[in-house]
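Enquirer: Chains as they are written, first to last, in the numbering used here: chain L, 1 to 342; chain U, 343 to 684; chain B, 685 to 1026; chain H, 1027 to 1368. Right, I'll just put the structure down here and ask away after.
Protein chains: 4
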Amino acid sequence: MRVGVLTGGGDCPGLNAVIRAIVRKGVQEYGYDFVGFRDGWRGPLEGDTVRLDIPAVRGILPRGGTILGSSRTNPLKTGNGIPRIRQTLAELDVTALITIGGEDTLGVAGRLADEHGVPCVGVPKTIDNDLSATDYTFGFDTAVSIATEAIDRLHTTAESHMRVLVVEVMGRHAGWIALHSGLAGGANAILIPEQRFDVDRVCDWVTSRFRASYAPIVVVAEGAMPEDGDMVLKDRSLDSFGHVRLSGVGEWLAKEIEKRTGNEARTTVLGHVQRGGTPSAFDRWLATRFGLHAIDCVRDADFGTMVALRGTDIVRVPIAEATARLKTVDPELYDEVGVFFG
Amino acid sequence: MRVGVLTGGGDCPGLNAVIRAIVRKGVQEYGYDFVGFRDGWRGPLEGDTVRLDIPAVRGILPRGGTILGSSRTNPLKTGNGIPRIRQTLAELDVTALITIGGEDTLGVAGRLADEHGVPCVGVPKTIDNDLSATDYTFGFDTAVSIATEAIDRLHTTAESHMRVLVVEVMGRHAGWIALHSGLAGGANAILIPEQRFDVDRVCDWVTSRFRASYAPIVVVAEGAMPEDGDMVLKDRSLDSFGHVRLSGVGEWLAKEIEKRTGNEARTTVLGHVQRGGTPSAFDRWLATRFGLHAIDCVRDADFGTMVALRGTDIVRVPIAEATARLKTVDPELYDEVGVFFG
Amino acid sequence: MRVGVLTGGGDCPGLNAVIRAIVRKGVQEYGYDFVGFRDGWRGPLEGDTVRLDIPAVRGILPRGGTILGSSRTNPLKTGNGIPRIRQTLAELDVTALITIGGEDTLGVAGRLADEHGVPCVGVPKTIDNDLSATDYTFGFDTAVSIATEAIDRLHTTAESHMRVLVVEVMGRHAGWIALHSGLAGGANAILIPEQRFDVDRVCDWVTSRFRASYAPIVVVAEGAMPEDGDMVLKDRSLDSFGHVRLSGVGEWLAKEIEKRTGNEARTTVLGHVQRGGTPSAFDRWLATRFGLHAIDCVRDADFGTMVALRGTDIVRVPIAEATARLKTVDPELYDEVGVFFG
Amino acid sequence: MRVGVLTGGGDCPGLNAVIRAIVRKGVQEYGYDFVGFRDGWRGPLEGDTVRLDIPAVRGILPRGGTILGSSRTNPLKTGNGIPRIRQTLAELDVTALITIGGEDTLGVAGRLADEHGVPCVGVPKTIDNDLSATDYTFGFDTAVSIATEAIDRLHTTAESHMRVLVVEVMGRHAGWIALHSGLAGGANAILIPEQRFDVDRVCDWVTSRFRASYAPIVVVAEGAMPEDGDMVLKDRSLDSFGHVRLSGVGEWLAKEIEKRTGNEARTTVLGHVQRGGTPSAFDRWLATRFGLHAIDCVRDADFGTMVALRGTDIVRVPIAEATARLKTVDPELYDEVGVFFG
């Protein structure tokens, strides 16, 4: 049996650990062959492959990124996409496909499996931790650790100069990284995309922190918006350079805090360092177990399913269900954490 | 209302995060007063207290250890222990007690609550992650991270000299740290207390790794035992110096591997570095949430209960149930990981 | 004898280690008293002091920032500055002043010592490592370590997506942090303030890296300028918000690279994380030795001098000489490193 | 021109950075060919080589260990060693040899160059930093950083349980790692091989630390000896298992402290983790510059010389001079640091 593997969407620490686990167990226990497809869906679309055997996965466990490369190519938006994929699989004699990716990548896998009979198994990947059906995704813990370490470092600068420091972290649609790293880093305010924030309230927290003779740290998710954000931030969205548009809110907020409180404020945008480098031990564990269970799904011919974490167990769920809705921060949990604001 | 807090047993990264969360929420939301008891049960036994208010918990979130101190004093084995504790609580007007500790500390809390009507709430703490009723305990992730980083480092030395490296990690009765760090560190064998190991089989893994031109790393929990361990290790147990006795298995195993395979082998005993220093982001998150929910138990007068993690939720369980049995590594999970041995 | 201590300018990991060493040796070996002045020169100007004895310096060795606070207040630009400082020192019976700071802070100390007979000893501090007369300053190694770790992380993202990553690091007038972290991080181009850069040449390096099937990392000091930088970057300098102006070059360069090579490019501005948090072992060693030698200068009544590192020795130099010129990157050294570009 | 490269002795973070720099500059600037010899002097003795070109050195900068392998084989103690090496070099048309190693490896290189006309260039390597003629060797900073981080972690455990923690670090003949990491980690006693220690004095320091309500950390180099060490430790030297013999002093000292002061004491032996893993930014910088200058020595036909660090410059010294004597800790420097004991 020959199994194809691809990784799609943004890179994430732990992708290589998944790939390694799939290949190690697939070859050693089940005697499978593997084909790596390069750059997500582009690989099967264009028949671009990479050797994928035990020597190819040696030493990759601690390495970030993906040895298969990644892209955002979407075969559903590509002329004749589905037939081309089926043809590639047929030509290469690939009878099962493991797709490691986020909402988009898995969405395609789900439709391929359900509507076109392509035997797909999914492994969830989102650094933002915003996929429902799984408690956590790998890469998230690494991102939170990096952001927390950065916040730890920023405290001393803030205290020494009695300045406000605004830290912008990843999270376009869900505030998980902001919530976890902000809590772990002892932030005095955490702003997430799920709830519009009131700048004056943030300024109150800032001021109250200074009154206690400490300097405030404000953690803001890149997708967080002030109450009138559509208006005040709209110019930025015209900017064609993706990164700048997203980093707008931190900088904007620092200026507003300066203006309204009279305190000096500085911004740090953590950016891509959050998603690179060696995965944390937690993420290596989770990613490896996802890989081991994904190849078991193939052995069981359990297609159209995705592996997921529930408590300490790896379970299987229908791909379609898993990608149906975004997992956002529950207002109750946000309130729970709110005791540390100000 | 005045609430007492104590920490018992071995120290663990995250204890201070629990204490801080209890005090911040207790003071700010519920208007409670706090009394810190020093050195676990010794505090209430001897009336030894420490001030515990918001200034006392500032800045402690990222700090390992416990500002309250700890000890293994057991009031059930101390003359007149229970009445003395009740008297201290009465004298200080303490009407609820939050005890943060492992099996021993919580065992006392459970009996105090159930048999003597002392209003106790428990927070689980064990670096070995071996308490049932909770998916994880804080400190465990930090320990696994430190051990994984050490294993990462040892790989390059092993490869450069083509030597076997035996890494002894914590875990007297349960192999969770060995299992997680061994998997995350890419170990070629993981030995845990739950299953006696066969030295010859370990030697086979070692030899097969060398055949693939790589040098093996063997991770062994301090409580792991060879099949005839009672005999071969028994001399060591006569040693009065606790630490040496426990570190015996790694050293013994390295010598056996040298003898049986002819390959050079070295041991590294990670020891106390695994339990010290700043908690990981995951542990700060978990410990903080445990603290927030523990003080909610007090508010709800829900005594005799312990907070626990289930998936991503914090739940309440009877203390007695939580300490009834050790949470050990499931043979199935150990088998799952075994694909990477050799 | 009573000795005053102050820290001026931007904060820097290691400041607390200097303070601790001064106080520990001053009290234990020489029996001195200490007075901490708050927020750099603002302290002696306004008579704002903080207790500075052995308990005050306990536990501060591993902590970033400064327990004395810092500011950029310049008494030479403050009405009646010198007489007010002399008066404060007289009133507090302070007969020697140790000033820990960069060019500005030490410039004032030098003039106070030389022209006004105020007994000052200097300790050099600049995270950019741009003070002549000393091989290294503390804080620099920490900043380089943090930047290198960030570059390590960015490699995997760059490779996974075959993108250019531009990393902007500190260094307004000297490129030491860029040079060291860029070399240590395996960057494919390093741009420093000392030499205007040619964007087309940078694009050549980028392109040649892609041809070898790897993705390029470009490290750029915040003060680096393209050949026609005065023109292309001038709008940014009108921005009143300091941080934005300085972070311009990385973002500008990424856009230019995209435009000229057609490759996707992203920017990461490391910002304040480089100067915060616990100092590296090297910086703790250097800072501590600076402190020990500074208090020896006081004992020897060797005023108007600054401690400095030469090889592995701590030496004394006249403050005036030390601040006379900026230590910039030698063109020969830059050429040496250039072998790794492209 | 064809240049041979070998690495001898214990592995050390930075070896790969040296190799990469040699090859990158040698190929790109001077058009040289390279041959890697495997496992130190065993390579040229047995004609065991490994391909060494630009693809072979890609990505190795951040990796610990050595891609060439290492050994302690000494051709001067091997039958017919010199002629065999000359023959190998002749057969492979290798006209210059760069040897990266410590006292032993360089001692051979020096004699080969001086007495047998074999064109050798040396690069100093010793994790203990005990080679004279160079201010620092690469690997040392990494080892000190790892040891310091471990000591940082141990403080919290020591405080929580009010125990003595003895940390044994590397250093058989010189106490540099103990001195630097002990100072940087805030140890309360540092014991080095250069000065026999008085156990009672150590106990005084321990006791005085407890009186100040803090728990002591004692850092001891593996080669440190009590005043009557030859007697009390002699049994251990009979042990055939190298590692155990060396780790004796920490464990012995902890027991003595327990016995004499009545305080609980624990030992942590850091062991091989100190020499593995990714090199620090400082070590990558130093190792790279050593490599760049070593290949320049070859170009200049400057054989029998070794590169060395003096201040911030890389200089050339005769190999023979460099290995003539051990660089040990100066008693004055040890006294300087002694202010923090107790």
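Beta carbons: idealized from backbone N, C-alpha and C, even for Gly.
Please list the partners that residue 405/U has in chain H, where partner means a Cβ-to-Cβ separation under 9 angstroms.
Expert: Residues of chain H passing the Cβ test: 1182.
Enquirer: What separation, rounded to the nearest whole angstrom, lies between the Cα atoms of residue 1298/H and residue 217/L?
Expert: Computed Cα separation, rounded: 39 angstroms.
Enquirer: Since residue 152/L meets chain B, which of its residues come closer than 7 angstroms, beta carbon to beta carbon?
Expert: Here the neighbours are 961.
Enquirer: For the alpha helix (DSSP H) that residue 770/B lies in, which residues bound it at each end?
Expert: Note, residue 770/B: alpha helix (DSSP H), 765-776.
Enquirer: For residue 1081/H, is the classification buried or exposed, using 16 other Cβ atoms within 10 angstroms of its Cβ as the cut-off for buried?
Expert: Counting Cβ neighbours within 10 Å, residue 1081/H comes out exposed, since fewer than 16 surround it.
Enquirer: Just to confirm the assignment, what range does the alpha helix (DSSP H) spanning residue 440/U have?
Expert: First-last for residue 440/U: 438-443, but that is the beta strand (DSSP E), not the alpha helix (DSSP H).
Enquirer: Answer with yes or no whether the minimum CB distance from residue 474/U to chain H is below 7 angstroms.
Expert: For residue 474/U, the answer is no, since every Cβ of chain H falls outside 7 angstroms of its Cβ.
Enquirer: Given that residue 518/U touches chain L, what residues does it touch there, using C-beta distances under 7 angstroms?
Expert: Those within 7 angstroms of residue 518/U in chain L number zero; the least Cβ separation is about 10 angstroms.
Enquirer: Answer yes or no: does any C-beta atom of chain B fall closer than 7 angstroms to that of residue 40/L?
Expert: Answer no: the Cβ-Cβ gap between residue 40/L and chain B never drops below 7 angstroms.
Enquirer: Assuming residue 720/B and residue 687/B make a contact with CB atoms under 8 angstroms, what is their CB distance in whole Å?
Expert: Actually they are not in contact, since the Cβ atoms of residue 720/B and residue 687/B sit about 10 angstroms apart, beyond 8 angstroms.
Enquirer: Taking the beta carbon of residue 1051/H as the centre, do at least 16 other beta carbons fall within 10 Å, making it buried, or is it exposed?
Expert: Residue 1051/H comes out buried.
Enquirer: By the DSSP assignment, the alpha helix (DSSP H) with residue 569/U in it spans what residues?
Expert: First-last for residue 569/U: undefined, no H or E at that position.
Enquirer: Alpha helix (DSSP H) containing residue 804/B: first to last residue?
Expert: Looking at the DSSP string, residue 804/B is not in any alpha helix (DSSP H); the run it does join, the beta strand (DSSP E), is 804-808.
Enquirer: For residue 641/U, collect the residues of the same chain with a Cβ closer than 7 angstroms to its Cβ; drop the 5 residues on either side in sequence, then sort them by chain order.
Expert: Within the same chain, residue 641/U has close Cβ partners 372.
Enquirer: Mapping DSSP to helix, strand and coil, what is residue 351/U?
Expert: In the structure shown, residue 351/U sits in coil (DSSP, three-state: anything other than H, G, I, E or B).
Enquirer: For residue 60/L, which three-state DSSP category applies?
Expert: It is coil, neither helix nor strand.
Enquirer: For residue 1351/H, does the three-state DSSP call read helix, strand or coil?
Expert: Looking at residue 1351/H - three-state DSSP - the assignment turns out to be coil, as it is neither helix nor strand.
Enquirer: Alpha carbon to alpha carbon, what distance is there between residue 1176/H and residue 72/L?
Expert: Computed Cα separation, rounded: 42 angstroms.
Enquirer: Name the residue from 551/U, 662/U and 460/U whose alpha carbon lies nearest to the alpha carbon of residue 424/U.
Expert: Of 551/U, 662/U and 460/U, the residue nearest in Cα terms is 460/U.
Enquirer: Just by C-beta distance, which residues in the stretch 937-971 of chain B are closer than 7 angstroms to chain L?
Expert: Correct list: 939, 950, 951, 952, 953, 955, 956, 957, 959, 960 and 961.
Enquirer: Mapping the DSSP letters down to three states, classify residue 1028/H as helix, strand or coil.
Expert: Looking at residue 1028/H - three-state DSSP - the assignment turns out to be strand.
Enquirer: Would you decide whether residue 683/U is buried or exposed? Buried here means 16 or more other CB atoms lie within 10 Å of its CB.
Expert: The residue in question, residue 683/U, is buried, as its Cβ has 16 or more Cβ neighbours within 10 Å.
Enquirer: Checking contacts by CB at 7 angstroms: is residue 1171/H closer than that to chain B?
Expert: Yes, contact with chain B.
Enquirer: Once the 5 residues before and after residue 1233/H are set aside, which same chain residues still bring their CB inside 7 angstroms of it?
Expert: These residues qualify, in order along the chain: 1287.
Enquirer: Please identify the residue among 631/U, 449/U and 357/U whose C-alpha is closest to the C-alpha of residue 419/U.
Expert: It is 449/U whose Cα lies nearest to the Cα of residue 419/U.
Enquirer: Quick one, which residues of the stretch 15-43 of chain L are near chain U if we go by CB-CB under 7 angstroms, in chain order?
Expert: Here the close residues are 24, 25, 28 and 29.
Enquirer: With 16 other CB atoms within 10 Å as the buried threshold, where does residue 1042/H fall?
Expert: Looking at its Cβ environment, which holds 16 or more other Cβ atoms inside 10 Å, residue 1042/H is buried.
Enquirer: What does a CB cutoff of less than 8 angstroms around residue 503/U pick up in its chain, not counting 5 residues either side in sequence?
Expert: Here the set comprises 557 and 606.
Enquirer: In this structure, how does DSSP classify residue 1191/H when only helix, strand and coil are distinguished?
Expert: Strand at residue 1191/H.
Enquirer: Please name the residue in 1163/H, 1281/H and 1300/H whose C-alpha comes closest to that of residue 1228/H.
Expert: For residue 1228/H, the nearest C-alpha among the options comes from 1281/H.
Enquirer: Keeping to the same chain, check which residues put their C-beta closer than 6 angstroms to that of residue 1171/H; ignore five residues upstream and five downstream.
Expert: Excluding residues within five positions, the ones whose Cβ falls inside 6 angstroms are 1306.
Enquirer: With a CB to CB cut of under 6 angstroms and the five nearest residues on each side skipped, what residues in its chain are close to residue 1276/H?
Expert: Cβ within range, chain order: 1192, 1194, 1246, 1293 and 1295.
Enquirer: Anything in chain H within Cβ reach of residue 1023/B, meaning under 9 angstroms, just list it in chain order.
Expert: Near residue 1023/B (Cβ distances below 9 angstroms), the residues of chain H are 1047, 1050, 1051, 1054, 1055 and 1318.
Enquirer: Report, in whole angstroms, the separation of the C-beta atoms of residue 978/B and residue 805/B, which I expect to be a contact under 8 angstroms.
Expert: 5 angstroms between Cβ atoms; contact.
Enquirer: Ignore the nearest five residues each way along the sequence and tell me which others in residue 1060/H's own chain have a CB closer than 8 angstroms to its CB.
Expert: So the qualifying residues of the chain are 1028, 1029, 1030, 1031, 1048, 1049, 1052, 1053, 1078 and 1079.
Enquirer: Compile a chain-ordered list of the residues in the stretch 879-894 of chain B whose CB is closer than 9 angstroms to at least one CB of chain L.
Expert: From the stretch 879-894 of chain B, no residue has a Cβ closer than 9 angstroms to chain L.
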